[in-house]
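Sequence positions in the sequence shown follow the numbering used here and run 4 to 182.
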Amino acid sequence: DLPWRRTRDPWAILVSETMLQQTQVARVVPRYLELMERFPTTAACAAAAVGDLLRCWSGLGYNGRAVRLHGAAVTVERVHEGRFPRDLDALQRLPGVGPYTARAVAAIAFGARVGAVDVNVRRVLGRLVGTEGLRPIAIQAMADAAVPADEPGRWTHALMDLGATVCRARAPRCDDCPV
4 DLPWRRTRDP WAILVSETML QQTQVARVVP RYLELMERFP TTAACAAAAV GDLLRCWSGL
64 GYNGRAVRLH GAAVTVERVH EGRFPRDLDA LQRLPGVGPY TARAVAAIAF GARVGAVDVN
124 VRRVLGRLVG TEGLRPIAIQ AMADAAVPAD EPGRWTHALM DLGATVCRAR APRCDDCPV
């Protein structure tokens with residue numbers, strides 16, 4: 004039960020995905036809650052000084068992520084007139100948003116049938132169907148094809164959770180795998 008799992012707000016999803024990059028969930032939760040209280044919208048974040056956002060970010064490390072998150076908020080406000088882009092290409096043009104983050108936002112916030120492939124999902128796919136030697140574009144196509152039509156956001160969260168808690172890099176718990 005994580006706070007960003009209770010919303011489909013694309014800004015909240017982007018904030019969580021950005022914070023969770025190379026940071027443990029337990030460290031993210033309190034900072035996420037604080038940041039979302041202080042900057043609940045792209046407009047609120049874009050209107051603030053970057054330093055204000057960095058103060059909320061304190062303790063998470065990799066401060067460039069916060070700077071790019073601020074840049075994404077500014078871009079949504081100025082370029083997209085305050086409306087979060089739904090298109091993958093437009094999402095990827097936001098500062099700090101790459102293919103994984105764009106797909107995570109699209110699937111979770113907008114219900115798009117796209118697979119968000121991070122290291123955990125790549126490992127799950129690799130163990131299930133064998134992806135060794137496949138190019139990233141082929142792995143992405145495989146992930147996209149696996150997304151069900153109903154509830155792509157839940158599917159995305161489920162695969163991430165499976166990779167993080169059961170199909171772990173070290174000491175996988177194959178006997179507990181639902182797949």
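Ideal placement from N, C-alpha and C gives every residue a C-beta, glycine not left out.
Next item on the list: Write down the C-beta distance between G99 and G74 rounded to the nearest angstrom, noting that I regard them as a contact closer than 8 Å.
Entry: Counting from one through the sequence shown, the residue named residue 99 turns up at place 96. Counting from one through the sequence shown, the residue named residue 74 turns up at place 71. Contact annotation, G99 with G74: C-beta distance approximately 7 Å; criterion of less than 8 Å satisfied.
Next item on the list: Drop a sphere of 10 angstroms on the beta-carbon of G166, count the other beta-carbons inside from all chains shown, and report buried for 16 or more, exposed for fewer.
Entry: One-based indexing of the sequence shown puts residue 166 at position 163. Per the 10 Å Cβ criterion, buried.
Notebook entry, point to check: Taking buried to mean at least 16 other C-beta atoms within 10 Å of its own C-beta, is V31 buried or exposed?
Noted result: Residue 31 sits at position 28 when you count from the first residue of the sequence shown. By the neighbour-count rule (16 or more Cβ atoms within 10 Å), V31 is buried.
Margin query: Please report the distance separating the alpha-carbon of R3 from that of R126.
Written below: The requested residue 3 is not part of the displayed model; the chain covers only 4 to 182.
Checklist line | Member of W158, R11, L38 and D12 whose CA lies at the smallest distance from the CA of M22 | finding: As a working mapping, residue 22 is identified with position 19 in the sequence shown. Distances from the alpha-carbon of M22 to those of W158, R11, L38 and D12 put L38 closest.
Check: Looking only at its own chain, which residues have a Cβ that is under 6 Å from the Cβ of D121, when we skip the five neighbours before and after it?
Finding: Indexing the sequence shown from 1 puts residue 121 at position 118. Excluding sequence neighbours, D121 sits near Y103.
Checklist line | Cut-off 7 Å between Cβ atoms - residues of its own chain near V70, not counting five sequence neighbours on either side | finding: The residue given as residue 70 occupies position 67 in the sequence shown. Correct list, in chain order: V53.
Checklist line | Contact between the stretch 81–91 and the stretch 55–65 (3+ Cβ pairs under 8 Å) | finding: No, the stretch 81–91 does not touch the stretch 55–65.
Next item on the list: Give me the Cα-Cα distance between Q95 and H83, rounded to the nearest whole angstrom.
Entry: Numbered from 1 along the sequence shown, position 92 holds the residue referred to as residue 95. Numbered from 1 along the sequence shown, position 80 holds the residue referred to as residue 83. The C-alpha of H83 is placed about 13 Å away from the C-alpha of Q95.
Check: Three-state secondary structure (DSSP) at N123?
Finding: Along the sequence shown, one-based indexing puts residue 123 at 120. Helix.
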